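Residue numbers (this note's numbering), protein chains in the order written: chain A, 10 to 89; chain B, 10 to 89.
Ideal Cβ positions, reconstructed from N, Cα and C, are used throughout, including at glycine.
Computed from a prediction, not measured in an experiment: that's the story for all the values here.
Heads up: the structure comes next, in structure tokens.
There are 2 protein chains.
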Amino acid sequence: MKAKVHVTLKNGVLDPQGKAIQHALGSLGFSGVDDVRQGKYIELDLAETDAAKAREAVERMCKELLANTVIENYAISIEG
Amino acid sequence: MKAKVHVTLKNGVLDPQGKAIQHALGSLGFSGVDDVRQGKYIELDLAETDAAKAREAVERMCKELLANTVIENYAISIEG
Chain A
10 MKAKVHVTLK
20 NGVLDPQGKA
30 IQHALGSLGF
40 SGVDDVRQGK
50 YIELDLAETD
60 AAKAREAVER
70 MCKELLANTV
80 IENYAISIEG
Chain B
10 MKAKVHVTLK
20 NGVLDPQGKA
30 IQHALGSLGF
40 SGVDDVRQGK
50 YIELDLAETD
60 AAKAREAVER
70 MCKELLANTV
80 IENYAISIEG
């Protein structure tokens, strides 16, 4: 199965990388960009064939390694 | 409007960051992880209210700044 994980900073956590992108876009002449937030996107190929078990495993991976749950949220989607 | 951009490495391009995650997951006892690819996920808040114009602007942002189109693909989704 394939798992797609989005790791994003929680609301209220400063995102200097997003701000840098926003300023760079401004310098390049793109106006009307009110806010930019950058997160991580991780694709995993899993040997597991049961969707529920795969989701549970990826949930544990997020908590233990992929996301810093103090400042980051994660979202998991499992595909066949 | 809100734009969500996924920037991923093209197939065939080595992804050392993904490999590092894969090995770290193995060290933590997660077996059955066949492959890991890491990409970027960028959320933009745009002042533009026309979806077609917003998509066109984000397309240009991707080409000029957000993605290195030699080695990376990008996917854009626009939300109301």
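Taking all protein chains shown into account, Gly48 of chain B has 16 or more neighbouring C-beta atoms within 10 Å of its C-beta and is therefore buried.
For the pair Arg46 of chain A and Glu52 of chain B, the CB atoms are nearer than the 8 Å cut-off. Note that the C-beta distance between Ile80 of chain B and Val22 of chain B is below 8 Å. DSSP places Leu53 of chain A in the strand class (E or B) of the three-state scheme. Closer than 8 Å to the CB of Val22 of chain A there is not a single CB belonging to chain B. Residue pairing by DSSP places Leu34 of chain A opposite no residue, since no beta bridge is assigned to it.
Counting C-beta pairs closer than 8 Å gives three or more between the stretch 24-43 of chain B and the stretch 57-74 of chain A, which meets the contact rule.
Closest option to Gly27 of chain A, judged by alpha-carbon separation, among A:Lys13, A:Lys11, A:Asp44, A:Asn20: A:Asp44. At least 8 Å separates the CB of Arg64 of chain A from every CB of chain B. If you draw a straight line from the Cα of Asn20 of chain A to the Cα of His32 of chain B, it comes to about 30 Å.
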